[in-house]
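Colleague: First, the structure itself, so that you have it in front of you.
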Amino acid sequence: MAQAERRPEPAVGPRRASPWMDEFWVRRLQSLLGLIPIGAFLIFHLYVNLLATQGPTEYNTLINTLEHMPLLIFIEVFVLYLPILFHAAVGFHIVFTPELNVTRYPYGRNIHFYLQRLTGVIAFIFLAYHVVTLRLIPGLNDTHVTFALVQSQLRQTWILILYLVGAIGTIYHFANGLWSFAIHWGIAVGRRAQRAMAYVSAGVFVVLTLVLVRIVLAFAS
Amino acid sequence: MAKETVRLRVRRQEAPGAPARWEEFELERTPNMNIIFALMQIQRRPVTADGRATTPVFWESNCLEEVCGSCSMVINGKARQACSALVDQLEEPITLEPMHSFPVVRDLAVDRSRMFADLMRLKAWVPIDGTYDLGPGPRQSAEDQAWRYHLSRCMTCGVCVEVCPNYTVDNDFVGAFAINQVRLFNTHPTGALNRNERLDALMGPGGIQECDNAQNCVRACPKEIPLTDSIAAMNRAVNARAFMRWLDR
Numbered sequence: 001m002a003q004a005e006r007r008p009e010p011a012v013g014p015r016r017a018s019p020w021m022d023e024f025w026v027r028r029l030q031s032l033l034g035l036i037p038i039g040a041f042l043i044f045h046l047y048v049n050l051l052a053t054q055g056p057t058e059y060n061t062l063i064n065t066l067e068h069m070p071l072l073i074f075i076e077v078f079v080l081y082l083p084i085l086f087h088a089a090v091g092f093h094i095v096f097t098p099e100l101n102v103t104r105y106p107y108g109r110n111i112h113f114y115l116q117r118l119t120g121v122i123a124f125i126f127l128a129y130h131v132v133t134l135r136l137i138p139g140l141n142d143t144h145v146t147f148a149l150v151q152s153q154l155r156q157t158w159i160l161i162l163y164l165v166g167a168i169g170t171i172y173h174f175a176n177g178l179w180s181f182a183i184h185w186g187i188a189v190g191r192r193a194q195r196a197m198a199y200v201s202a203g204v205f206v207v208l209t210l211v212l213v214r215i216v217l218a219f220a221s
Numbered sequence: 222m223a224k225e226t227v228r229l230r231v232r233r234q235e236a237p238g239a240p241a242r243w244e245e246f247e248l249e250r251t252p253n254m255n256i257i258f259a260l261m262q263i264q265r266r267p268v269t270a271d272g273r274a275t276t277p278v279f280w281e282s283n284c285l286e287e288v289c290g291s292c293s294m295v296i297n298g299k300a301r302q303a304c305s306a307l308v309d310q311l312e313e314p315i316t317l318e319p320m321h322s323f324p325v326v327r328d329l330a331v332d333r334s335r336m337f338a339d340l341m342r343l344k345a346w347v348p349i350d351g352t353y354d355l356g357p358g359p360r361q362s363a364e365d366q367a368w369r370y371h372l373s374r375c376m377t378c379g380v381c382v383e384v385c386p387n388y389t390v391d392n393d394f395v396g397a398f399a400i401n402q403v404r405l406f407n408t409h410p411t412g413a414l415n416r417n418e419r420l421d422a423l424m425g426p427g428g429i430q431e432c433d434n435a436q437n438c439v440r441a442c443p444k445e446i447p448l449t450d451s452i453a454a455m456n457r458a459v460n461a462r463a464f465m466r467w468l469d470r
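Chains as they are written, first to last, in the numbering used here: chain C, 1 to 221; chain Y, 222 to 470.
Rendered as structure tokens:
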């Protein structure tokens, strides 16, 4: 009857998101990249910047060392830029597919679902700004990133606000993404395990946010 | 104390794709009345609150005890069954809308045939038909029967996918109920023989990868099925299957 007309049989053969990978692998790879390498780098990056609390000299010495690491551009492109661009490209597709219904169903996980999309967009904009101002421009001008450079930026109120909103958004996106990762990969299956994972991701969010605030204070003081 | 009448706002739509409009009704209040009974009153006397004659409101219902799944609709903004929605427990005017995730047939009735097509796509059954008697299946422990019973209570009502932000009229996501059905049949001793066929379909187009864990489904399910546990369990099964299939090729 009518049902056959409205809902035709799914097309034969997998519909492919790209010529070389099915949708399933695209989504799983996107999820994995969020943790490794992107999330792992986020933790490393925050930890390294904590050195700002030890003073300008120590900070500048380390940045100088990192700038002279071998294969740096290779690492940057393959470990950071390409994974982030892939994660973001699939992410933008994910952001614009759903019909958000958080006002109709204001349940905890649904609010996180909404915030995950919102902070994904915030993180992308913030990272673009962050990479252009502290990597691309100094790189093209062949100048070094120093404590004083970061400090001069963070002393401008609007940049400080951008950094706080952008970086806290990014940290949220990572921490909540950990919870989602545990489910996408079938690690936390039962209700109790999923709730435990939610506490873990809340803990990660709090710790990384405290680290961020400490870094910002080191530059702002 | 009790008011004499009940006020209802109903979203009306003549036919698929026709423009929608709202109509208000003022009905006699009776003890313990549910939404179905209110709609039956309109059917008997199709007159709006301002006295205009109209067509009776069209809806679907069958069992009237929340086991058939046919009277799902959006009541005061939340998807649920009309039979178990008691008027006394609802804020007035009570708004009734068809579910948004399915094409409207007329008024409150929607076409849920996509759900059945997706169950077919995922082979969510135990194949036992053949040309000869296959004999009895393996025994199940009482313990397994007990937890699988919770998965088996699905009535294909559509509420889980109605509340799902990732399930929309124009995409092909299979939805929570279908993923749960795969788990139900993959954990059945005879059904497990076709386990991989179901997993392969579940990671196909519109498959489990489109779930992003908004978890509204488990909150809304009228049968209290542990849908999000089923989704996570199937994520694990599908991932293992995907890696093995790829490594063995």
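From the three backbone atoms N, C-alpha and C, an ideal C-beta is built for every residue, glycine too.
(1) I want to see whether chain C comes within less than 7 angstroms of valine 395 (chain Y), judged by CB atoms only; does it?
(2) Taking the alpha carbon of isoleucine 168 (chain C) as the point to measure from, which residue in C:Leu208, C:Trp179, C:Arg195, C:Pro37 has its own alpha carbon closest?
(3) Please return the same chain residues whose Cβ sits closer than 6 angstroms to the Cβ of phenylalanine 174 (chain C), not counting the five positions on each side in sequence.
(4) Does the Cβ-Cβ distance between alanine 220 (chain C) and threonine 53 (chain C) come in under 7 angstroms?
(5) List, in chain order, every chain Y residue whose beta-carbon is nearer than 8 angstroms to that of phenylalanine 86 (chain C).
(6) Could you name the residues of the same chain whose beta carbon sits closer than 6 angstroms to that of leucine 494 (chain Y), not counting the 5 residues immediately before and after it, in chain order?
(7) Could you check whether methionine 336 (chain Y) and threonine 389 (chain Y) sit closer than 7 angstroms to each other, using their CB atoms as the reference points?
(8) Quick one: residues in its chain with C-beta nearer than 8 angstroms to the C-beta of phenylalanine 86 (chain C), no 5 flanking neighbours on either side, listed in chain order?
(9) Using DSSP's beta-bridge definition, name the partner residues of arginine 462 (chain Y).
(10) So, does the region 172-191 of chain C touch the region 448-465 of chain Y, judging by three or more C-beta pairs under 8 angstroms?
(11) The beta strand (DSSP E) with glutamate 364 (chain Y) in it runs from where to where?
(12) Is the beta carbon of phenylalanine 406 (chain Y) less than 7 angstroms from the beta carbon of valine 347 (chain Y)?
(13) Report the neighbours of arginine 214 (chain C) on chain Y: residues whose CB is nearer than 7 angstroms to its CB, in chain order.
(14) Where do the ends of the beta strand (DSSP E) carrying arginine 301 (chain Y) lie?
(15) So proline 386 (chain Y) contacts chain C; which residues on that side make the cut at Cβ distance below 7 angstroms?
(16) According to DSSP, is glutamine 402 (chain Y) part of a helix, a strand, or is it coil?
(17) List the residues that DSSP assigns as beta-bridge partners of methionine 294 (chain Y).
(18) Based on the DSSP output, what are the partners of isoleucine 315 (chain Y) in its beta bridges?
(19) Can you tell me whether asparagine 437 (chain Y) is helix, strand or coil according to DSSP?
(20) Let's test the definition: count the other Cβ atoms within 10 Å of the Cβ of glutamate 364 (chain Y) and tell me whether it reaches 16, buried, or not, exposed.
(21) At which residues does the alpha helix (DSSP H) containing alanine 196 (chain C) begin and terminate?
(22) Among Y:Phe323, Y:Leu329, Y:Phe246, Y:Pro240, which one has its Cα closest to the Cα of glycine 379 (chain Y)?
(23) Terminal residues of the continuous alpha helix (DSSP H) containing arginine 27 (chain C)?
(24) Provide the residue span of the beta strand (DSSP E) that contains glutamate 418 (chain Y), from first to last.
(25) Give the single residue among Y:Trp243, Y:Ala239, Y:Val227, Y:Ala454 whose Cα lies nearest to the Cα of glutamate 249 (chain Y).
(26) My understanding is that alanine 435 (chain Y) touches asparagine 110 (chain C), with C-beta atoms under 8 angstroms, so please give their C-beta distance in whole angstroms.
(27) Can we say the region 454-464 of chain Y touches the region 415-428 of chain Y, given the rule of at least three CB pairs closer than 8 angstroms?
(28) Between the Cα of glutamate 247 (chain Y) and the Cα atoms of Y:Ser293, Y:Ala236, Y:Lys224, which residue gives the shortest distance?
(29) Would aspartate 309 (chain Y) be called buried (16 or more neighbouring beta carbons within 10 Å of its own) or exposed?
(30) Tell me whether tryptophan 280 (chain Y), by its Cβ, gets closer than 6 angstroms to a heavy atom of the ligand HEM.
(31) Do leucine 355 (chain Y) and alanine 399 (chain Y) count as a contact pair if the criterion is CB distance below 7 angstroms?
(32) At a CB distance below 9 angstroms, what residues from the region 170-194 of chain C approach chain Y? Give them in sequence order.
(33) Which same chain residues, not among the five before or five after alanine 148 (chain C), have their C-beta less than 8 angstroms away from its C-beta?
(34) What are the start and end residues of the alpha helix (DSSP H) that includes alanine 259 (chain Y)?
(35) Going by DSSP, what residue range makes up the beta strand (DSSP E) through tryptophan 346 (chain Y)?
(36) By the DSSP assignment, the beta strand (DSSP E) with glutamate 247 (chain Y) in it spans what residues?
Modeller: Working from what's here:
(1) Nearest CB-CB separation between valine 395 (chain Y) and chain C: not below the 7 angstroms threshold.
(2) C:Leu208
(3) Gly39, Leu42
(4) no
(5) Here the premise fails: no neighbours, minimum Cβ distance about 15 angstroms.
(6) In this structure chain Y extends from 222 to 470, so residue 494 (chain Y) is not present and cannot be described.
(7) No. Outside cutoff.
(8) Result list for phenylalanine 86 (chain C): Leu29, Gln30, Leu33, in chain order.
(9) According to DSSP, arginine 462 (chain Y) bridges with nothing at all.
(10) yes
(11) Segment 363-372 is the alpha helix (DSSP H) holding glutamate 364 (chain Y); no beta strand (DSSP E) there.
(12) yes
(13) Going along chain Y, no residue has its Cβ under 7 angstroms from arginine 214 (chain C), so there is no contact; the nearest lies around 31 angstroms.
(14) 299-302
(15) The answer, in chain order, is Pro98, Glu99, Leu100, Asn101, Phe113.
(16) helix
(17) In the DSSP assignment, methionine 294 (chain Y) forms a beta bridge with Y:Arg301.
(18) Y:Leu229
(19) Correct three-state label for asparagine 437 (chain Y): helix.
(20) exposed
(21) Going by DSSP, alanine 196 (chain C) is part of the alpha helix (DSSP H) stretching over 191-220.
(22) Y:Phe323
(23) 23-33
(24) Element bounds for glutamate 418 (chain Y): not the beta strand (DSSP E) but the alpha helix (DSSP H), 416-423.
(25) Y:Val227
(26) 5 angstroms
(27) yes
(28) Y:Lys224
(29) exposed
(30) Although the ligand HEM was asked about, the structure shown includes no ligands whatsoever.
(31) no
(32) Trp179, Ser180, Ala182, Ile183, His184, Trp185, Gly186, Ile187, Ala188, Val189, Gly190, Arg191, Ala193, Gln194
(33) Excluding positions up to five away in sequence, the list reads Pro56.
(34) For alanine 259 (chain Y), the enclosing alpha helix (DSSP H) has its first and last residue at 256-265.
(35) Per DSSP, tryptophan 346 (chain Y) belongs to no beta strand (DSSP E) and is neither H nor E.
(36) 241-249
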